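Visitor:
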Amino acid sequence: MLDALVYSLAVAGLLTLIASALSVGFGGGLVGAKYLLFFVGFALFAVGAIGMRPTPAWKDGDSAGIVGLGEETRFQGTLHRLPPLRRYDLAPAERLSAGAKLFITSLLVLGTSLVLETVFGVVA
Numbered sequence: 311m312l313d314a315l316v317y318s319l320a321v322a323g324l325l326t327l328i329a330s331a332l333s334v335g336f337g338g339g340l341v342g343a344k345y346l347l348f349f350v351g352f353a354l355f356a357v358g359a360i361g362m363r364p365t366p367a368w369k370d371g372d373s374a375g376i377v378g379l380g381e382e383t384r385f386q387g388t389l390h391r392l393p394p395l396r397r398y399d400l401a402p403a404e405r406l407s408a409g410a411k412l413f414i415t416s417l418l419v420l421g422t423s424l425v426l427e428t429v430f431g432v433v434a
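According to this note's numbering, the sequence shown is numbered sequentially starting from 311.
1) By Cβ distance, which residues of its chain are closer than 6 Å to L347, with the 5 residues on each side in sequence left out?
2) For the stretch 323-409, list the alpha helix (DSSP H) runs that are entirely contained and at least 4 residues long, ordered along the chain.
3) Roughly how many angstroms separate the alpha carbons of T402 and V350, rounded to a whole number?
4) Quick check: V316 and L406, are their CB atoms within less than 8 Å of each other?
5) How about G358 and F413: do their beta carbons lie closer than 8 Å?
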């Protein structure tokens, strides 16, 4: 679970920085960043929900998902070499799936968009 939390916080933070830079660069300010985070959050929500579906019985173990169950991306490998996760030696097959991580990330990205609107008063 710590693996998924660190992954989700890292991706949500990167997406927030990228959305803010793009929005400010194109003159949209934080309002544009809020909308961009909202739409990206819902896209991640859909991809994560689809990625968490169980494998149909007729597929017989074919992994056509985002990342296979026993695999990890370079980004995930980099995160596992950083301090919080370095102490825990979990094999990729023992971690949450990529779909579950993206689903948690989508909730954080949507939460960031909500906080921009409700707490910081970023409205159009």
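Every residue gets a Cβ at the ideal spot worked out from N, C-alpha and C, and that includes glycine.
Predicted model, so just to flag it, every value in this text is computed and none were measured.
Guide: The structure says:
1) Residue 347 sits at position 37 when you count from the first residue of the sequence shown. If the five residues before and after L347 are omitted, its C-beta is found closer than 6 Å to the C-beta atoms of A329, V419, T422, S423, all from its own chain and listed in chain order.
2) Within the stretch 323-409, the complete alpha helix (DSSP H) runs of at least 4 residues are 339-361, 384-390, 393-396.
3) Looking up residue 402 in the sequence shown gives position 92. Looking up residue 350 in the sequence shown gives position 40. The sequence given here places Pro at residue 402; Thr does not occur at that position. If you take the alpha carbons of P402 and V350, they lie about 26 Å apart.
4) Locating residue 316 in the sequence shown gives position 6, counting from the first residue. Locating residue 406 in the sequence shown gives position 96, counting from the first residue. 8 Å or more divides the Cβ of V316 from the Cβ of L406.
5) As a working mapping, residue 358 is identified with position 48 in the sequence shown. As a working mapping, residue 413 is identified with position 103 in the sequence shown. The answer is yes: Cβ separation under 8 Å.
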